[in-house]
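In full-length UniProt numbering, the protein residues as written are 1 to 307.
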(Lines of atoms letter the chains of each structure in order from A; the text may use other names.)
(Lines give C-alpha, C1' and ligand atoms only; values in the text may rest on other atoms or scores of the structure.)
Protein backbone atom coordinates (compact mmCIF):
# COMPACT_ATOMS: atom_id res chain seq x y z
CA UNK A 1 0.00 0.00 0.00
CA UNK A 2 1.52 3.29 -1.19
CA UNK A 3 0.51 6.77 0.03
CA UNK A 4 1.47 10.17 -1.38
CA UNK A 5 -0.77 13.18 -0.76
CA UNK A 6 -1.22 15.73 -3.52
CA UNK A 7 -0.27 18.61 -1.20
CA UNK A 8 3.09 17.04 -0.36
CA UNK A 9 3.78 16.20 -3.98
CA UNK A 10 3.01 19.70 -5.25
CA UNK A 11 4.98 21.31 -2.44
CA UNK A 12 8.07 19.24 -3.20
CA UNK A 13 7.97 19.87 -6.95
CA UNK A 14 7.36 23.60 -6.47
CA UNK A 15 9.65 24.51 -3.61
CA UNK A 16 12.01 21.85 -2.23
CA UNK A 17 15.59 21.00 -3.07
CA UNK A 18 15.95 17.87 -5.17
CA UNK A 19 17.34 15.91 -2.25
CA UNK A 20 15.46 12.81 -1.05
CA UNK A 21 16.21 10.64 1.97
CA UNK A 22 14.89 7.08 1.91
CA UNK A 23 14.67 4.56 4.75
CA UNK A 24 12.68 1.64 6.11
CA UNK A 25 11.26 1.05 9.61
CA UNK A 26 9.84 -2.17 11.06
CA UNK A 27 6.21 -2.29 12.19
CA UNK A 28 5.77 -3.35 15.82
CA UNK A 29 2.08 -4.24 15.98
CA UNK A 30 0.24 -7.54 15.55
CA UNK A 31 0.73 -7.36 11.78
CA UNK A 32 4.41 -7.22 10.91
CA UNK A 33 5.98 -5.56 7.92
CA UNK A 34 8.11 -2.60 6.98
CA UNK A 35 7.19 1.05 6.47
CA UNK A 36 9.17 2.51 3.57
CA UNK A 37 9.62 6.27 3.87
CA UNK A 38 10.89 9.11 1.68
CA UNK A 39 11.39 12.61 3.07
CA UNK A 40 12.77 15.87 1.73
CA UNK A 41 13.95 19.10 3.31
CA UNK A 42 11.88 22.28 3.11
CA UNK A 43 12.97 25.90 2.63
CA UNK A 44 13.75 26.20 6.34
CA UNK A 45 15.95 23.08 6.32
CA UNK A 46 13.29 21.04 8.15
CA UNK A 47 11.87 17.61 7.48
CA UNK A 48 9.31 17.42 4.63
CA UNK A 49 7.40 14.09 4.31
CA UNK A 50 6.96 12.90 0.73
CA UNK A 51 5.49 9.40 0.56
CA UNK A 52 5.38 6.08 2.38
CA UNK A 53 4.34 2.49 1.79
CA UNK A 54 3.76 -0.69 3.77
CA UNK A 55 5.45 -3.86 2.48
CA UNK A 56 6.10 -7.32 3.88
CA UNK A 57 9.91 -7.16 3.73
CA UNK A 58 12.73 -4.93 2.49
CA UNK A 59 14.13 -6.38 -0.71
CA UNK A 60 14.99 -5.19 -4.20
CA UNK A 61 11.51 -5.93 -5.57
CA UNK A 62 9.58 -4.03 -2.89
CA UNK A 63 11.97 -1.11 -3.01
CA UNK A 64 11.72 -1.02 -6.82
CA UNK A 65 7.92 -0.91 -6.68
CA UNK A 66 7.93 1.86 -4.07
CA UNK A 67 10.55 3.93 -5.86
CA UNK A 68 8.74 3.61 -9.19
CA UNK A 69 5.67 5.20 -7.57
CA UNK A 70 7.85 7.91 -6.02
CA UNK A 71 9.60 8.46 -9.35
CA UNK A 72 6.29 9.23 -11.03
CA UNK A 73 4.84 11.43 -8.27
CA UNK A 74 7.97 13.55 -7.72
CA UNK A 75 8.86 13.81 -11.43
CA UNK A 76 12.32 12.33 -10.85
CA UNK A 77 12.89 10.62 -14.19
CA UNK A 78 16.32 8.98 -14.34
CA UNK A 79 17.45 11.14 -11.41
CA UNK A 80 19.35 13.87 -13.25
CA UNK A 81 20.07 16.72 -10.77
CA UNK A 82 18.57 14.69 -7.90
CA UNK A 83 20.39 13.42 -4.81
CA UNK A 84 19.38 10.37 -2.76
CA UNK A 85 20.67 9.80 0.77
CA UNK A 86 20.46 6.17 1.82
CA UNK A 87 21.43 3.65 4.44
CA UNK A 88 23.27 0.53 3.28
CA UNK A 89 20.30 -1.81 2.85
CA UNK A 90 21.22 -3.96 -0.15
CA UNK A 91 17.77 -4.10 -1.76
CA UNK A 92 17.45 -0.31 -1.61
CA UNK A 93 20.90 0.22 -3.13
CA UNK A 94 20.08 -2.16 -5.99
CA UNK A 95 16.77 -0.46 -6.78
CA UNK A 96 18.23 3.06 -6.62
CA UNK A 97 21.05 2.16 -9.02
CA UNK A 98 18.58 0.58 -11.42
CA UNK A 99 15.94 3.33 -11.46
CA UNK A 100 18.04 6.47 -10.95
CA UNK A 101 21.37 5.99 -12.75
CA UNK A 102 21.81 9.74 -13.28
CA UNK A 103 21.22 10.74 -9.64
CA UNK A 104 23.85 11.37 -7.00
CA UNK A 105 23.79 8.51 -4.49
CA UNK A 106 24.98 9.37 -0.99
CA UNK A 107 25.31 6.99 1.96
CA UNK A 108 24.47 8.07 5.48
CA UNK A 109 27.85 8.84 7.07
CA UNK A 110 26.59 7.65 10.46
CA UNK A 111 25.95 4.20 8.99
CA UNK A 112 29.39 4.25 7.35
CA UNK A 113 30.93 5.22 10.69
CA UNK A 114 28.99 2.50 12.54
CA UNK A 115 30.61 -0.14 10.31
CA UNK A 116 34.04 1.52 10.59
CA UNK A 117 33.70 1.68 14.38
CA UNK A 118 33.32 -2.09 14.80
CA UNK A 119 37.09 -2.53 14.60
CA UNK A 120 38.17 1.07 15.17
CA UNK A 121 36.89 2.42 18.46
CA UNK A 122 37.93 5.49 20.39
CA UNK A 123 37.18 9.21 20.54
CA UNK A 124 40.24 10.18 18.51
CA UNK A 125 39.28 7.91 15.63
CA UNK A 126 35.68 9.11 15.85
CA UNK A 127 36.75 12.76 15.58
CA UNK A 128 39.12 11.97 12.72
CA UNK A 129 36.41 10.09 10.80
CA UNK A 130 33.96 12.99 11.07
CA UNK A 131 36.70 15.38 10.04
CA UNK A 132 36.98 13.32 6.84
CA UNK A 133 33.20 13.34 6.36
CA UNK A 134 32.84 17.09 6.85
CA UNK A 135 35.91 18.20 4.87
CA UNK A 136 34.69 20.44 2.04
CA UNK A 137 37.75 20.20 -0.22
CA UNK A 138 39.72 17.19 -1.41
CA UNK A 139 42.89 18.69 0.08
CA UNK A 140 41.23 18.88 3.51
CA UNK A 141 39.93 15.32 3.10
CA UNK A 142 43.40 13.99 2.31
CA UNK A 143 44.80 15.85 5.32
CA UNK A 144 42.08 14.43 7.61
CA UNK A 145 42.64 10.94 6.20
CA UNK A 146 46.34 11.29 7.04
CA UNK A 147 45.45 12.25 10.61
CA UNK A 148 43.21 9.18 10.84
CA UNK A 149 46.04 6.93 9.66
CA UNK A 150 48.47 8.55 12.10
CA UNK A 151 46.19 7.65 15.01
CA UNK A 152 45.97 4.00 14.03
CA UNK A 153 47.71 2.17 11.22
CA UNK A 154 45.64 0.16 8.74
CA UNK A 155 42.55 2.36 9.21
CA UNK A 156 42.91 3.78 5.70
CA UNK A 157 41.54 0.66 4.00
CA UNK A 158 38.71 0.43 6.53
CA UNK A 159 37.52 4.01 6.07
CA UNK A 160 37.82 3.79 2.28
CA UNK A 161 35.82 0.55 2.11
CA UNK A 162 32.92 2.78 1.06
CA UNK A 163 34.23 5.31 -1.46
CA UNK A 164 34.26 8.85 0.03
CA UNK A 165 32.22 10.15 -2.91
CA UNK A 166 29.24 8.64 -1.06
CA UNK A 167 29.80 10.15 2.40
CA UNK A 168 32.32 13.04 2.36
CA UNK A 169 31.37 16.62 1.48
CA UNK A 170 34.64 17.00 -0.42
CA UNK A 171 33.29 14.75 -3.18
CA UNK A 172 29.62 15.81 -3.29
CA UNK A 173 28.00 17.36 -6.34
CA UNK A 174 26.90 20.97 -5.98
CA UNK A 175 23.70 20.97 -8.07
CA UNK A 176 21.18 20.51 -5.27
CA UNK A 177 22.56 22.92 -2.67
CA UNK A 178 22.77 20.40 0.13
CA UNK A 179 25.88 19.39 2.08
CA UNK A 180 24.08 16.89 4.32
CA UNK A 181 26.11 13.79 5.19
CA UNK A 182 23.52 11.84 7.22
CA UNK A 183 20.00 10.50 6.95
CA UNK A 184 18.67 12.05 10.15
CA UNK A 185 15.55 13.52 8.48
CA UNK A 186 14.16 10.00 8.04
CA UNK A 187 14.91 9.34 11.69
CA UNK A 188 13.06 12.54 12.64
CA UNK A 189 10.04 11.24 10.72
CA UNK A 190 10.31 7.78 12.28
CA UNK A 191 10.62 9.39 15.70
CA UNK A 192 7.27 11.12 15.19
CA UNK A 193 5.50 7.83 14.49
CA UNK A 194 7.06 5.50 17.07
CA UNK A 195 3.73 4.90 18.82
CA UNK A 196 1.82 4.60 15.55
CA UNK A 197 4.09 1.78 14.37
CA UNK A 198 2.70 -0.35 17.22
CA UNK A 199 -0.88 0.01 15.92
CA UNK A 200 -2.80 -1.92 13.27
CA UNK A 201 -1.74 -0.91 9.76
CA UNK A 202 -4.81 1.15 8.86
CA UNK A 203 -4.74 2.91 12.24
CA UNK A 204 -1.09 3.76 11.65
CA UNK A 205 -1.85 5.11 8.17
CA UNK A 206 -4.64 7.27 9.60
CA UNK A 207 -2.18 8.66 12.16
CA UNK A 208 0.19 9.52 9.31
CA UNK A 209 -2.58 11.26 7.39
CA UNK A 210 -3.53 13.35 10.41
CA UNK A 211 0.09 14.16 11.21
CA UNK A 212 0.75 15.42 7.68
CA UNK A 213 -2.43 17.49 7.66
CA UNK A 214 -1.59 19.17 10.95
CA UNK A 215 2.01 19.67 9.91
CA UNK A 216 1.05 21.29 6.60
CA UNK A 217 -1.20 23.82 8.33
CA UNK A 218 1.41 24.51 11.02
CA UNK A 219 4.21 24.97 8.47
CA UNK A 220 2.11 27.40 6.43
CA UNK A 221 1.37 29.49 9.53
CA UNK A 222 5.03 29.30 10.56
CA UNK A 223 6.18 30.56 7.15
CA UNK A 224 3.72 33.47 7.24
CA UNK A 225 4.87 34.52 10.70
CA UNK A 226 8.58 33.69 10.80
CA UNK A 227 9.99 33.99 7.29
CA UNK A 228 11.80 37.20 6.37
CA UNK A 229 11.37 37.50 2.62
CA UNK A 230 12.62 34.22 1.17
CA UNK A 231 14.58 33.27 4.30
CA UNK A 232 13.38 30.95 7.06
CA UNK A 233 14.73 31.28 10.62
CA UNK A 234 17.25 28.45 10.25
CA UNK A 235 18.69 29.98 7.08
CA UNK A 236 18.82 33.38 8.76
CA UNK A 237 20.79 31.82 11.64
CA UNK A 238 23.36 30.56 9.14
CA UNK A 239 23.61 33.99 7.52
CA UNK A 240 24.06 35.65 10.92
CA UNK A 241 26.83 33.15 11.72
CA UNK A 242 28.45 33.93 8.36
CA UNK A 243 28.27 37.66 9.10
CA UNK A 244 30.01 37.10 12.43
CA UNK A 245 32.65 34.88 10.84
CA UNK A 246 33.28 37.40 8.07
CA UNK A 247 34.94 39.66 10.67
CA UNK A 248 37.90 37.28 10.56
CA UNK A 249 38.25 37.57 6.78
CA UNK A 250 40.27 40.06 4.75
CA UNK A 251 39.32 40.77 1.14
CA UNK A 252 41.63 41.63 -1.73
CA UNK A 253 40.00 42.66 -5.01
CA UNK A 254 42.30 42.38 -8.03
CA UNK A 255 39.46 43.40 -10.37
CA UNK A 256 36.61 41.57 -12.09
CA UNK A 257 34.24 39.12 -10.40
CA UNK A 258 36.92 37.25 -8.45
CA UNK A 259 37.96 38.21 -4.92
CA UNK A 260 40.78 36.80 -2.84
CA UNK A 261 39.69 36.25 0.75
CA UNK A 262 42.16 35.44 3.52
CA UNK A 263 40.62 33.83 6.58
CA UNK A 264 42.39 33.60 9.91
CA UNK A 265 43.85 30.11 10.51
CA UNK A 266 42.36 28.78 7.26
CA UNK A 267 44.30 30.34 4.39
CA UNK A 268 43.32 32.06 1.17
CA UNK A 269 40.26 31.38 -0.98
CA UNK A 270 38.74 32.76 -4.17
CA UNK A 271 35.15 34.01 -4.16
CA UNK A 272 33.56 34.40 -7.60
CA UNK A 273 30.51 36.65 -7.41
CA UNK A 274 29.29 35.87 -10.93
CA UNK A 275 29.30 32.11 -10.35
CA UNK A 276 28.40 32.44 -6.67
CA UNK A 277 31.18 30.10 -5.66
CA UNK A 278 33.99 29.94 -3.12
CA UNK A 279 36.95 27.60 -3.38
CA UNK A 280 36.21 26.41 0.18
CA UNK A 281 32.95 25.08 -1.37
CA UNK A 282 30.48 25.85 1.45
CA UNK A 283 28.61 28.46 -0.62
CA UNK A 284 28.68 26.18 -3.66
CA UNK A 285 27.10 23.25 -1.83
CA UNK A 286 24.44 25.00 0.26
CA UNK A 287 23.48 28.12 -1.68
CA UNK A 288 23.79 30.06 1.58
CA UNK A 289 26.65 32.62 1.52
CA UNK A 290 29.55 31.49 3.72
CA UNK A 291 31.61 33.90 5.83
CA UNK A 292 34.08 34.36 2.98
CA UNK A 293 31.28 35.22 0.56
CA UNK A 294 29.64 37.54 3.11
CA UNK A 295 32.90 39.45 3.53
CA UNK A 296 32.82 40.17 -0.21
CA UNK A 297 29.11 41.03 -0.20
CA UNK A 298 29.75 43.55 2.57
CA UNK A 299 32.64 45.07 0.63
CA UNK A 300 30.42 45.45 -2.44
CA UNK A 301 27.61 46.88 -0.27
CA UNK A 302 25.11 44.45 -1.75
CA UNK A 303 21.95 43.12 -0.12
CA UNK A 304 21.92 39.52 1.03
CA UNK A 305 18.59 38.76 -0.65
CA UNK A 306 20.17 39.35 -4.06
CA UNK A 307 22.38 36.33 -3.46
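In this text, a Cβ means the ideal position worked out from N, Cα and C, and glycines have one as well.
Remember, predicted model here, so these are calculated numbers, not experimental data.
Problem set entry | Three-state secondary structure (DSSP) of residue 113 | helix
Problem set entry | Per-residue DSSP class, three states only, for residue 191 | helix
Problem set entry | C-beta contact flag for residue 81 and residue 162 at 7 Å | no
Exercise. Between residue 34 and residue 55, is the Cβ-Cβ spacing less than 7 Å?
Worked result: yes
For this session: Pull up the distance between the alpha-carbon of residue 293 and that of residue 204, whole angstroms please.
Result: 46 Å
Problem set entry | Closest Cα partner of residue 297 within the set 19, 60, 259 | 259
Exercise. Just curious, the beta strand (DSSP E) that residue 74 is in, first and last residue?
Worked result: Residue 74 -> no beta strand (DSSP E), and no H or E assigned at all.
Exercise. What residue does the alpha helix (DSSP H) around residue 243 start on, and which one ends it?
Worked result: 233-245
Exercise. In terms of alpha-carbon separation, which member of 216, 112, 60, 215 lies closest to residue 91?
Worked result: 60
Problem set entry | Beta-bridge partners of residue 258, as assigned by DSSP | 272
Problem set entry | Residue of 213, 249, 257 minimising C-alpha distance to residue 8 | 213
Problem set entry | Alpha carbon of residue 3 to alpha carbon of residue 24, nearest angstrom | 15 Å
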